[in-house]
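In the working numbering, the protein residues as written are 63 to 442. Here a beta-carbon is modelled for each residue, glycine too, at the ideal position from N, C-alpha and C.
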């Protein structure tokens, strides 16, 4: 009889999730409340919080799928899809219902796609800036990723146990993403134009550095252990690379073609370095406790869905009463309202469905799912 274990939460991964949702909150505060720069450089590149979520999803989902494949165990698509849908759909459809039940309200944009597009997670195709529920674009690409990756793993592992096939496909897919953005640029659609920014074809490759980490972990465990011994070096390299690339993308340095074609991929690779650091117990990400990070990480999906309509609903009140959106108390109050709305969604919707998921589709694991214990190579 198998023992059912609760998954161990890794402090480093929780810190990265908390960072990701904080970046998104800053970016959307700039765009939908202050309508200007409020948090300096960090706020201006806050869009990268979504990219960090993509990399984390790539690792976490990739690890779920590749672990049984690496050990020659069967992959249960039924359990995988059921667990994913119970995790993602309830929150999403509740927020979608709010939009549909409040037509042409202050939380709406210029237009809204037909309901079937939102129900099928295809609204990112043809999406334009200023439309309703635009922040759901990333969920579309995530759901599409959840559909494609298990089928790809099943097909490739079913034909050969050699990971070389998977590596070849992964590298080719990253190259395809870069080539697609380069082609779009030559057709007058730079990376931040809506047809490119919201496009599945231009953004899917950002999951793949995370999948690559899962591949190293499961197919090359000795190499994975050696890599994780250098947790702080990975952290420093990831931070330095992320800062450099994000500055370049923001400033279009050295030229728009390079940043438009390679920018998103390089951002994802830098975040993959941070993810590796988060998996190492030698890293400061796991040794330093950030207050509130675990809670923000736990609520991050619900916060992502709920905060934007709250921001948009509160903005008219600021204008009506002449409240400065860049005043510290205003920032704290509206940010807190966004987080609280996410907590409500988490508590009343997500948590009950997570209990159902644990009851209907429990995870059977070995009780070793924690950061690899290594001796730090140098004092922090």
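Anticipated Cβ contact below 8 Å, residue i with residue j, distance rounded
i	j	result
residue 329	residue 80	At roughly 18 Å, the Cβ-Cβ gap does not stay under 8 Å, so residue 329 and residue 80 are not in contact.
residue 161	residue 194	6 Å
residue 361	residue 405	5 Å
residue 32	residue 157	Nothing about residue 32 can be read from this structure; the chain reaches only from 63 to 442.
Distance between residue j and residue i (C-alpha atoms, nearest Å)
i	j	result
residue 261	residue 347	32 Å
residue 425	residue 76	20 Å
residue 235	residue 159	35 Å
residue 86	residue 112	7 Å
residue 326	residue 173	28 Å
residue 243	residue 97	28 Å
residue 144	residue 151	10 Å
residue 178	residue 164	17 Å
residue 225	residue 372	46 Å
residue 312	residue 104	11 Å
residue 246	residue 200	19 Å
residue 370	residue 133	42 Å
residue 349	residue 272	22 Å
residue 212	residue 391	46 Å
residue 332	residue 383	43 Å
residue 135	residue 126	12 Å
residue 230	residue 204	22 Å
Cut-off 7 Å between Cβ atoms - residues of its own chain near residue i, not counting five sequence neighbours on either side
i	result
residue 128	215, 276, 277 and 280
residue 339	74, 293, 296, 297, 300, 345 and 347
As assigned by DSSP and simplified to three states, the class of residue i
i	result
residue 167	coil
residue 3	In the structure as shown, the chain begins at 63 and stops at 442. Residue 3 is therefore absent and cannot be evaluated.
residue 261	coil
residue 189	coil
residue 403	helix
residue 174	coil
residue 136	coil
residue 425	coil
residue 252	coil
residue 410	helix
residue 306	helix
residue 224	coil
residue 432	Summary for residue 432: the model assigns pLDDT 43, below 50, so the residue's position carries little reliability, and this model does not support an answer.
residue 378	helix
residue 76	helix
Proximal residues to residue i (C-beta, below 6 Å), its chain only, five neighbours per side dropped
i	result
residue 101	88
residue 94	373 and 374
residue 264	242, 243 and 258
residue 408	361 and 364
Contacting residues, own chain, Cβ-Cβ under 8 Å from residue i (five flanking each side not counted)
i	result
residue 268	113, 116, 117, 120, 239, 326, 327, 329 and 330
residue 171	192, 193, 194, 195 and 196
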